[in-house]
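Peer 1:
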Amino acid sequence: MKNAGIYIHIPFCRSRCSYCDFATGMYSAPAAERYVASLAKEISSWRVDEDLDAQIENVDTIYFGGGTPSLLTPAQLKTLLDAVKTRFRVSAATEVTMEINPGTVTPETLAEFRRLGINRASFGAQTFDDGELARLGRSHNSDDTRRTFRYLRDAGFDNVSFDLIAGLPGQTVAGWQQNLDEAFSLMPEHLSFYLLEVHEGTPLWNHIKSGIQPVPDEDLAAEMYEVMLDRATDAGYEHYEISNLSLPGYESRHNTKYWTGAPYYGFGCSAHSYDGLDQRWANERDLTRYMEIVEQNDSPVVTTIKLTAEDRRAEAVFLGLRMMRGFSLNNYQREFGADLRENHEKDLSRFIEAGLIECGGDLLKLTRAGALLSNEVFAAFV
């Protein structure tokens with residue numbers, strides 16, 4: 041069994057971004073304190089009805105996501121890390137990531153986070169254009185981004201990831217180039233690049249529907265993707281996953297678990313889990329309801345899915361293809377007793393001819409064009 045990853049969801053934010061459809065709510069100190077107590081209780085109750093020695097698993101990644109986990113106090117963070125260590129065997133070399141939003145931390149708080157073992161920061165820059173940040177409903181500006189990045193470096197964070205979004209309403213290629221100039225001047229170890237997705241019911245969706253903001257230009261966003269890859273490659277980054285690039289040796293170990301079929305266990309409202317075999321489950325999404333359930337000593341799990349053999353085969357393909365190195369056809373045949381080339385001969389031929397995938401020996405992988413049209417490719421295998 042592969043080592044597991046732990047995901048801990050912190051749903052609090054200082055403001056609601058216009059494009060966000062995650063399970064989040066406004067931060068207040070009392071709500072955060074109550075939620076952390078519920079989280080620690082859920083983690084500490086992990087499989088307590090089973091033999092402890094038989095169920096302790098090795099963990100080598102922990103990820104605090106949100107929301108804005110950096111709104112937690114160091115004491116609250118320590119409570120959660122201590123709870124994890126009571127139920128899991130945590131490696132000394134564990135990658136411990138915290139999502140941090142610009143302007144939410146002080147140098148002193150970051151130094152405390154670092155002393156507690158946080159060794160990787162996922163930094164929600166999104167864009168360096170203050171007008172774009174305002175239209176997104178972000179609570180920070182570009183100066184906050186530069187300042188907080190400096191604080192991270194001063195606190196000893198030598199593994200920092202930037203989130204950047206392309207395809208924003210009104211965004212131009214020239215403006216995107218300026219964004220990249222700013223990002224590459226700071227040289228974070230990792231870059232996560234996202235094309236804007238507009239979800240129904242969000243403020244951004246309402247603004248676009250009512251004509252307050254223009255419809256995002258998908259062709260322009262695709263051009264920005266190409267520009268990003270060219271610029272990042274020239275700067276020494278490796279394109280290792282559809283939406284992720286890193287300097288050598290700085291791939292996200294936690295997120296790689298999602299793409300390679302490793303087990304991961306999610307705690308907190310809306311958190312998802314996978315046992316690495318054939319079962320997925322999800323927690324209650326509503327924050328208040330989640331806390332009430334845990335406080336009543338009940339399980340917050342509300343959905344459980346048993347994967348069929350066909351589900352597992354499909355996931356192996358579309359998750360494996362997310363990795364730009366591709367995935368092994370021989371490993372697929374050993375695990376599932378099927379030859380993907382025979383079962384999907386027409387689809388593979390069509391995608392190869394269209395220049396969306398390539399097959400070199402044992403490896404099947406997306407091309408750069410295929411990465412842009414990955415959903416079309418994946419649909420053929422589901």
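Residues in the sequence shown are numbered from 41 upward in steps of one, following our numbering.
Glycine residues also receive a C-beta, built at the ideal position from the N, C-alpha and C atoms.
#1: Do VAL99 and VAL130 have their beta-carbon atoms positioned less than 8 Å apart in this structure?
#2: Can you give, in chain order, each stretch of the alpha helix (DSSP H) that sits fully within the segment 356-414 and has at least 4 residues?
#3: According to DSSP, simplified to helix, strand and coil, what is ASP198?
#4: Can you grab the Cα-Cα spacing for the pair SER225 / PHE189, in whole Å?
#5: How big is the Cα-Cα spacing for LEU236 and LEU260?
#6: For ILE48, name the three-state secondary structure that DSSP assigns.
#7: CB-CB under 8 Å to LEU380, same chain, minus the five flanking residues each way: which ones, in chain order?
#8: What are the residues that DSSP puts in a beta bridge with GLN166?
#9: Helix, strand or coil, according to DSSP, for LEU235 in the structure here?
#10: Counting only runs that start and end within the segment 118-187, where is the beta strand (DSSP E) found for 3 or more residues in a row?
#11: Leaving out five residues on either side along the sequence, give the residues of the same chain with a beta carbon under 7 Å from the beta carbon of MET264.
#12: Considering only C-alpha positions, which residue in the set THR137, HIS49, ALA394 is nearest to ARG154?
#13: Taking C-alpha atoms, which residue in SER68, PHE421, ILE397, ALA411 lies nearest to ALA262?
#14: Mapping DSSP to helix, strand and coil, what is ASP259?
#15: Tell me the DSSP secondary structure of ARG320 in three-state form.
#16: What is the rounded straight-line gap between the Cα of LEU406 and the Cα of ALA275?
#17: Measure the CB-CB distance between ALA354 and VAL422 and report whether it falls below 8 Å.
#18: I need the DSSP call for TYR265, collapsed to helix, strand or coil.
#19: Note down the Cα distance separating LYS118 from LYS81, rounded to an integer number of angstroms.
#20: Tell me the rounded alpha-carbon separation between HIS180 and GLY164.
#21: Determine the extent of the beta strand (DSSP E) in which LYS346 is found, giving its start and end residues.
#22: For the alpha helix (DSSP H) containing GLY215, name the first residue and the last one.
#23: Using the three-state DSSP reduction, which class does ILE333 fall into: helix, strand or coil?
#24: Any idea which residues DSSP pairs TYR103 with across the strands?
#25: Which class does LYS42 belong to by DSSP, given the choice of helix, strand or coil?
#26: By how many angstroms is the C-alpha of ASN199 removed from the C-alpha of LEU287?
Peer 2: Taking the coordinates as given:
#1: Locating residue 130 in the sequence shown gives position 90, counting from the first residue. Locating residue 99 in the sequence shown gives position 59, counting from the first residue. In this structure, VAL99 lies closer than 8 Å to VAL130 by Cβ.
#2: 369-376, 380-383, 385-393, 408-412
#3: Along the sequence shown, read from residue 1 onward, the residue named residue 198 stands at position 158. Correct three-state label for ASP198: coil.
#4: Stepping through the sequence shown from its first residue, residue 225 is reached at position 185. Stepping through the sequence shown from its first residue, residue 189 is reached at position 149. SER225 and PHE189: Cα-Cα distance of roughly 12 Å.
#5: Position 196 of the sequence shown, counted from the first residue, corresponds to residue 236. Position 220 of the sequence shown, counted from the first residue, corresponds to residue 260. Each residue's alpha carbon lies about 11 Å from the other.
#6: Locating residue 48 in the sequence shown gives position 8, where the first residue counts as 1. In the structure shown, ILE48 sits in a strand (DSSP, three-state: E or B).
#7: If you number the sequence shown from 1, residue 380 lands on position 340. VAL357, LEU369, TYR372, GLN373, LEU388, LEU404.
#8: Counting from 1 along the sequence shown, the entry for residue 166 is found at position 126. GLN166 pairs with LEU204.
#9: Numbered from 1 along the sequence shown, position 195 holds the residue referred to as residue 235. Three-state result, LEU235: strand.
#10: 129-140, 160-166
#11: In the sequence shown, the residue the question calls residue 264 occupies position 224. So the list reads ALA206, GLY207, VAL213, TRP216, once near-sequence residues are dropped.
#12: Start at 1 with the first residue of the sequence shown, and residue 154 comes out as number 114. The option with the nearest alpha carbon to ARG154 is THR137.
#13: On the sequence shown, residue 262 is found 222 positions in, with the first residue counted as 1. Residue ALA411 is the option with its Cα nearest to ALA262.
#14: Within the sequence shown, residue 259 is the residue found at index 219, counting from 1. DSSP places ASP259 in helix when its eight states are reduced to three.
#15: To locate residue 320, count along the sequence shown from 1; it is residue 280. Strand at ARG320.
#16: One-based indexing of the sequence shown puts residue 406 at position 366. One-based indexing of the sequence shown puts residue 275 at position 235. Spanning the two alpha carbons is a distance of roughly 22 Å.
#17: Numbered from 1 along the sequence shown, position 314 holds the residue referred to as residue 354. Numbered from 1 along the sequence shown, position 382 holds the residue referred to as residue 422. Result yes, Cβ atoms of ALA354 and VAL422 sit closer than 8 Å.
#18: Counting from one through the sequence shown, the residue named residue 265 turns up at place 225. The answer is helix: DSSP assigns TYR265 an H, G or I state.
#19: Here residue 118 is taken as the residue at index 78 of the sequence shown, counted from 1. Here residue 81 is taken as the residue at index 41 of the sequence shown, counted from 1. Going by the C-alpha atoms only, they are around 14 Å apart.
#20: Within the sequence shown, numbered from 1, the residue matching residue 180 stands at position 140. Within the sequence shown, numbered from 1, the residue matching residue 164 stands at position 124. So the alpha carbons of these two residues sit roughly 10 Å apart.
#21: As a first step, residue 346 is located in the sequence shown; it is residue number 306 there, counting from the start. Where LYS346 is concerned, the enclosing beta strand (DSSP E) stretches over 341-346.
#22: Here residue 215 refers to the residue found at position 175 of the sequence shown. Here the alpha helix (DSSP H) through GLY215 covers 213-226.
#23: Against the sequence shown, residue 333 aligns to sequence position 293. In this structure, ILE333 counts as helix in the three-state DSSP scheme.
#24: Along the sequence shown, read from residue 1 onward, the residue named residue 103 stands at position 63. Beta-bridge pairing links TYR103 to TYR47, THR137.
#25: Residue mapping note: residue 42 aligns to position 2 of the sequence shown, counting from 1. Coil at LYS42, not helix or strand.
#26: The count along the sequence shown starts at 1 and reaches residue 287 at position 247. The count along the sequence shown starts at 1 and reaches residue 199 at position 159. Cα to Cα, LEU287 sits roughly 10 Å from ASN199.
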